[in-house]
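Note that our numbering gives residue 111 to position 111 of the sequence shown, counting from 1, and the numbers run on in steps of one.
Cβ coordinates follow ideal geometry from the N, Cα and C atoms, glycine included.
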Amino acid sequence: MSTPYELLGGEAGVRALANELYKVMSQRAEASTIRAMHAKDTSEVAEKLFMFLSGWVGGPDLYFQKYGTVCLSSQHARFTIGSDERDQWLRCMDQALVNLNASEELIQMLKEPVFNLAEMMRNAE
C-alpha cells in the first residue's frame, strides 16, 4: 500500500500541497477569518507546513529534524479557533487537494486524519 507521501508525489507534491493550501486560503472570501491569522506573506508558514506534512504523511520528518518536537495546539493557542475556523481550514485543504488533482484514494485516505489534525487545533466552540 502506498503512503500519502508517495501518492502526493513525494517532496514536490507535499510542497505543492502546502503552497496550494495558502493560495486557496488567500483566494476564498469564506476563509478570511483564518487567513487573517497569518502574515501577509505566507511563504514561511507554507514552508513549515510542508516540513511538518512531509513526516505526517509518511515521508522524511523534516520539521523534527530542523525544529525538534512540535506541539501544534500550543503553537496555535494564541488564536481563537472554533468549529468555524476549523471548517474553513478543512475546506481550504479539500480544495487544495482537488486543485492538485489528488486521487480519490488519497482524498479518502486523508479525510479522517486531516479532520483529526484540524480538530486538535480547536480551542473554542
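*State the start and end residues of the unbroken alpha helix (DSSP H) segment that holds Asp87.*
Here residue 87 refers to the residue found at position 87 of the sequence shown. First-last of the alpha helix (DSSP H) with Asp87: Ser83 to Asn99.
*Which residues mark the beginning and the end of the alpha helix (DSSP H) in which Arg35 is found?*
For the purposes of this step, residue 35 is taken as the residue at position 35 of the sequence shown. From DSSP, the alpha helix (DSSP H) with Arg35 extends over Ser32 to Arg35.
*Around the Cβ of Glu54, are there at least 16 other Cβ atoms within 10 angstroms (buried) or fewer (exposed)?*
Translated into the one-based positions of the sequence shown, residue 54 becomes position 54. Note on identity: in this sequence residue 54 is Ser, with Glu being the wrong assignment. Buried, by the Cβ-count rule.
*By Cβ distance, which residues of its chain are closer than 8 angstroms to Leu106, with the 5 residues on each side in sequence left out?*
Within the sequence shown, residue 106 is the residue found at index 106, counting from 1. Counting only Cβ-Cβ distances below 8 angstroms, and skipping sequence neighbours, we find Pro4, Leu7, Leu8 and Leu97.
*Hey, is Gln27's beta-carbon within less than 8 angstroms of any beta-carbon in chain B?*
Absent here is chain B; the protein component of the structure consists of one chain.
*Burial state of Met51, where buried means 16 or more other Cβ atoms lie within 10 Å*: In the sequence shown, counting from the first residue as 1, residue 51 sits at position 51. The residue in question, Met51, is buried, as its Cβ has 16 or more Cβ neighbours within 10 Å.
*Could you give the residue range of the alpha helix (DSSP H) that holds Ala77?*
Walking along the sequence shown from the start, residue 77 turns up at place 77. First-last for Ala77: undefined, no H or E at that position.
*Got a sec? Which residues, its chain only, sit under 8 angstroms from Met109 by beta carbon, not counting five neighbours each side?*
In the sequence shown, counting from the first residue as 1, residue 109 sits at position 109. Answer for Met109: Pro4 and Leu7, listed in chain order.
_Top-ranked residue by Cα proximity to Cys92, from Gly13, Arg28, Val14 and Ser2_ = What you label residue 92 is simply residue 92 of the sequence shown in a count that begins at 1. Among Gly13, Arg28, Val14 and Ser2, the Cα nearest to that of Cys92 belongs to Arg28.
*Can you name, in chain order, every residue of its own chain whose Cβ lies under 7 angstroms from the Cβ of Ile81, other than the five neighbours on each side?*
By 1-based counting over the sequence shown, the position of residue 81 is 81. Only Met121, Arg122, Asn123 and Ala124 meet the Cβ criterion.
_I need the boundaries of the alpha helix (DSSP H) containing Glu112, first residue and last residue._
Position 112 of the sequence shown, counted from the first residue, corresponds to residue 112. Start and end: Glu104 to Met121.
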